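As C-alpha cells, the structure follows; a few thoughts come after it.
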Amino acid sequence: METRPYVSWELMNSFLTDAFKGYGVPERDAAICADVLLESDRRGIESHGCNRFKPIYIDRIKRGTLLPKTNLEVVRETPTTVVADAHDGMGMVASHRVMEMLIGKAKDSGMAGGAIRNSTHYGIAGYWATMASKEGMIGLTGTNARPSIAPTFGVENMMGTNPLTFALPTDEEFPFCIDCATSIVQRGKIEYYAREGRPTPAGMVVAEDGSTVTDSQQILGMLVDGTAALAPLGGGPGDEMCGYKGYGYAATVEILSAALAGGQFMKALTGVAPDGSSQMYHLGHFFFVVDPDAFCGRETFRKIAGDICRELRASNRAPGYERIFTAGEKEYLAWLDRKDRGVPVGEAVQREFVQVRDELGLPYRFPFEK
Numbered sequence: 085m086e087t088r089p090y091v092s093w094e095l096m097n098s099f100l101t102d103a104f105k106g107y108g109v110p111e112r113d114a115a116i117c118a119d120v121l122l123e124s125d126r127r128g129i130e131s132h133g134c135n136r137f138k139p140i141y142i143d144r145i146k147r148g149t150l151l152p153k154t155n156l157e158v159v160r161e162t163p164t165t166v167v168a169d170a171h172d173g174m175g176m177v178a179s180h181r182v183m184e185m186l187i188g189k190a191k192d193s194g195m196a197g198g199a200i201r202n203s204t205h206y207g208i209a210g211y212w213a214t215m216a217s218k219e220g221m222i223g224l225t226g227t228n229a230r231p232s233i234a235p236t237f238g239v240e241n242m243m244g245t246n247p248l249t250f251a252l253p254t255d256e257e258f259p260f261c262i263d264c265a266t267s268i269v270q271r272g273k274i275e276y277y278a279r280e281g282r283p284t285p286a287g288m289v290v291a292e293d294g295s296t297v298t299d300s301q302q303i304l305g306m307l308v309d310g311t312a313a314l315a316p317l318g319g320g321p322g323d324e325m326c327g328y329k330g331y332g333y334a335a336t337v338e339i340l341s342a343a344l345a346g347g348q349f350m351k352a353l354t355g356v357a358p359d360g361s362s363q364m365y366h367l368g369h370f371f372f373v374v375d376p377d378a379f380c381g382r383e384t385f386r387k388i389a390g391d392i393c394r395e396l397r398a399s400n401r402a403p404g405y406e407r408i409f410t411a412g413e414k415e416y417l418a419w420l421d422r423k424d425r426g427v428p429v430g431e432a433v434q435r436e437f438v439q440v441r442d443e444l445g446l447p448y449r450f451p452f453e454k
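Just so we're aligned, residue 85 is where the sequence shown starts under the working numbering, counting upward by one.
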C-alpha cells in the first residue's frame, strides 16, 4: 500500500517548469522537460521521473555539464532524414524538436529517421516513441549513455543501459509500448533504490572479480570508478542464461546511437575527463517513425495490433497468476490509479524539492510540509 504523500499534477508541473526556468531553461523548453519527467511518473516508472529531476538535470546544469539553452543545429537533412547536433543542451528539448520533424516527414513520405549527437539525457525513451503512436504511427528510439553494461564474458562496464524502445498504435486506450533497458536493471532504478535505502537484488550487478554486489549506494560509486558493471538482459558474466542476447541488443543501440549521427560512444560518454574533472556527456540518440498508411492503413494496423494484444492477454495463465499483461498496459493502469491523486513523493525527493525551491526563492508550499 502506498504510504508516500501525493503531490497534484498541476502543482508538480508548475513547480518543475518554474524550477527549470530558474536555472536558465527557456519557458517553452522548461515545459517540455517538466512534461517528460512527469510522463515517467504517470506511467509509474519512477526511476526516470521526479526522482531524477535534481541529480540528473539541475545538478548537471549547475555543474556545467548540461547547458540550459539548447541550440539545436540541423547538420544534415533529406526529405526522410534528419541529423542534428544538440551542442550539449537539454536532450529532452532536442529530442522533442527532432521527433516533431520526423513525424511530419513520415506523414509525407511514409517513414523517416533521425539521429542526434552531442546530446544529454533525454528522459524516458517511451516518451519519444509514443509521440509517434499518438499520431497513429509507429515509433522507435534508442540512446546510448554512461558506460554501465559489461559484455558477455566480461566484467568491465563498456556500454550504457541503452534502451531499445517501440510504441505501436492499437485500437485500445493505450499503445503497445515496450520501453526497457538492455541490462537487467537500469542505473536509474539503482539510484531509486539508493534514495529509498533499499538493496539492489543479487545477480543484477557484477563486480570486477565476478562476484555480485547488492549495496545500492556502493554500486553507484563502483559504476563510476569502473569496478562494477550491470549484467546484460539474461545475466552474466557467462552465457548460461543467454545474456549474449541483451549484450547484442545493447551493442546495436550503441552503434546506432553513435554511428548514425557521427557521434561519440562507450568510454567517451562517462562525463569525466582524463584528469578526473567533469566534462560534457556527448550522448547520441536515434529515432524512426513509420506511418502504417504507407502499408496496410492506420486503422487496419491498429485493429490487428489490438487483436494480437487481446489474444495474448486471453491466453492460458500459469497457476497462481491472475492475469497476463501486454507492454504498456501496466503503465496505463498506473496512470488510471494516479491521475486523480498525483505523484507519490518519497522523503529524499521531498528534501530535493524543498532545497531547489528555497535556493530559487520560488513561492511554493508542498502538501508534505508540516
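C-beta atoms are modelled at their ideal positions from N, C-alpha and C, and glycine is treated no differently. Predicted model, so just to flag it, every value in this text is computed and none were measured.
* **Supposed close pair F452, V429 - CB separation, criterion 8 Å** => Translated into positions along the sequence shown, residue 452 becomes position 368. Translated into positions along the sequence shown, residue 429 becomes position 345. At roughly 6 Å, the Cβ-Cβ gap stays under 8 Å, so F452 and V429 are in contact.
* Pairing CB atoms from the region 94–109 with CB atoms from the region 387–395, are three or more of them under 8 Å? -> no
* To do: Note down, in chain order, each residue of its chain lying with its Cβ closer than 6 Å to the Cβ of G175, except the 5 sequence neighbours on either side.
  => Working through the sequence shown from its first residue, we reach residue 175 at position 91. S203, T204, H205, Y206, listed in sequence order.
* Closer than 9 Å, CB to CB, is T101 near chain B or not? -> As a matter of chain content, chain B is missing from the structure shown, which is built from one protein chain.
* Assuming A190 and M221 make a contact with CB atoms under 8 Å, what is their CB distance in whole Å? -> Here residue 190 refers to the residue found at position 106 of the sequence shown. Here residue 221 refers to the residue found at position 137 of the sequence shown. 6 Å between Cβ atoms; contact.
* Asked: Based on Cα-Cα distance, which residue from Q270, D323, Y328, S217 lies nearest to I303?
  -> For the purposes of this step, residue 303 is taken as the residue at position 219 of the sequence shown. Ranking Q270, D323, Y328, S217 by Cα distance to I303 puts Q270 first.
* Asked: In whole angstroms, what separates the C-alpha of N155 from that of T225?
  -> In the sequence shown, the residue the question calls residue 155 occupies position 71. In the sequence shown, the residue the question calls residue 225 occupies position 141. C-alpha separation (whole angstroms): 22 Å.
* Asked: Can you name the start and end residues of the beta strand (DSSP E) that E161 belongs to?
  -> As a working mapping, residue 161 is identified with position 77 in the sequence shown. It spans 157–162 - the beta strand (DSSP E) in which E161 sits, taken as one unbroken run.
* Check whether R127 and G223 have beta carbons under 9 Å apart -> Translated into the one-based positions of the sequence shown, residue 127 becomes position 43. Translated into the one-based positions of the sequence shown, residue 223 becomes position 139. No. Outside cutoff.
* Compare the C-alpha of L186 against each of P163, D169, V177, A170 and name the closest. => On the sequence shown, residue 186 is found 102 positions in, with the first residue counted as 1. That would be P163, whose Cα lies nearest to the Cα of L186.
* In its own chain, which residues sit with a C-beta less than 6 Å from the C-beta of I140, not counting the 5 before and 5 after it? -> Counted from its first residue, the sequence shown places residue 140 at position 56. Here the set comprises H205.
* Asked: Nearest to G355 by CA position, among E111, S341, T336, P231, is which residue?
  -> By one-based count along the sequence shown, residue 355 stands at place 271. That would be P231, whose Cα lies nearest to the Cα of G355.
* Start and end of the alpha helix (DSSP H) containing M407? -> In the sequence shown, the residue the question calls residue 407 occupies position 323. The residue asked about is misnamed: residue 407 is Arg in this sequence, not Met. Segment: none, R407 is in no alpha helix (DSSP H) and carries neither H nor E.
* Leaving out five residues on either side along the sequence, give the residues of the same chain with a beta carbon under 6 Å from the beta carbon of Q434. => Translated into positions along the sequence shown, residue 434 becomes position 350. So the list reads F452, once near-sequence residues are dropped.
* How many angstroms separate the CA atom of M183 from the CA atom of T384? -> For the purposes of this step, residue 183 is identified with residue 99 of the sequence shown, where counting begins at 1. For the purposes of this step, residue 384 is identified with residue 300 of the sequence shown, where counting begins at 1. Approximately 24 Å between the Cα atoms of the pair.
* Asked: Does DSSP put L317 in a helix, in a strand, or in coil?
  -> Counting from 1 along the sequence shown, the entry for residue 317 is found at position 233. It is coil, neither helix nor strand.
* Sequence ranges, alpha helix (DSSP H) only - wholly within the region 289–348, length at least 4 -> 300–309, 327–343
* Asked: For the putative contact between G368 and N241, defined by C-beta atoms under 8 Å, what is the C-beta separation to the nearest angstrom?
  -> As a working note, residue 368 is residue 284 in the sequence shown. As a working note, residue 241 is residue 157 in the sequence shown. That belief does not hold up - the Cβ atoms of G368 and N241 are roughly 18 Å apart, past 8 Å.
* Asked: Are P259 and L248 touching if we call contact CB-CB under 9 Å?
  -> Numbered from 1 along the sequence shown, position 175 holds the residue referred to as residue 259. Numbered from 1 along the sequence shown, position 164 holds the residue referred to as residue 248. Not closer than 9 Å, so no.
* How would you call V158, buried or exposed, if buried means at least 16 neighbouring beta carbons within 10 angstroms? -> In the sequence shown, counting from the first residue as 1, residue 158 sits at position 74. It counts as exposed.
* Give the DSSP bridge partners of Y90, in chain order. => Here residue 90 refers to the residue found at position 6 when the sequence shown is read from its first residue. Note: Y90 sits in a beta bridge opposite P428.
* To do: Can you tell me which of M325, I145, M195 puts its alpha carbon nearest to the alpha carbon of G108?
  => Sequence index remark: in the sequence shown, residue 108 carries index 24 (1-based). Considering only alpha carbons, the answer is I145.
* Pairwise C-alpha distance: R401 and A213 -> Position 129 of the sequence shown holds residue 213. Position 317 of the sequence shown holds residue 401. Near 30 Å, if we compare the C-alpha coordinates of R401 and A213.
* Relative to the alpha-carbon of D377, which residue among F370, R386, F371 has its alpha-carbon at the smallest distance? -> Here residue 377 refers to the residue found at position 293 when the sequence shown is read from its first residue. D377 has its Cα closest to that of R386, out of F370, R386, F371.
* When you compare only the Cα positions, how much space is there between F450 and M325? -> Against the sequence shown, residue 450 aligns to sequence position 366. Against the sequence shown, residue 325 aligns to sequence position 241. Each residue's Cα considered, the two are about 46 Å apart.
* To do: Please state if the CB of T149 and the CB of Y365 are separated by a distance shorter than 9 Å.
  => Mapped onto the sequence shown, residue 365 falls at position 281. Mapped onto the sequence shown, residue 149 falls at position 65. Contact flag set, yes.
* Asked: In the structure shown, what three-state DSSP assignment does F258 receive?
  -> Translated into the one-based positions of the sequence shown, residue 258 becomes position 174. The answer is coil: DSSP assigns F258 none of H, G, I, E or B.
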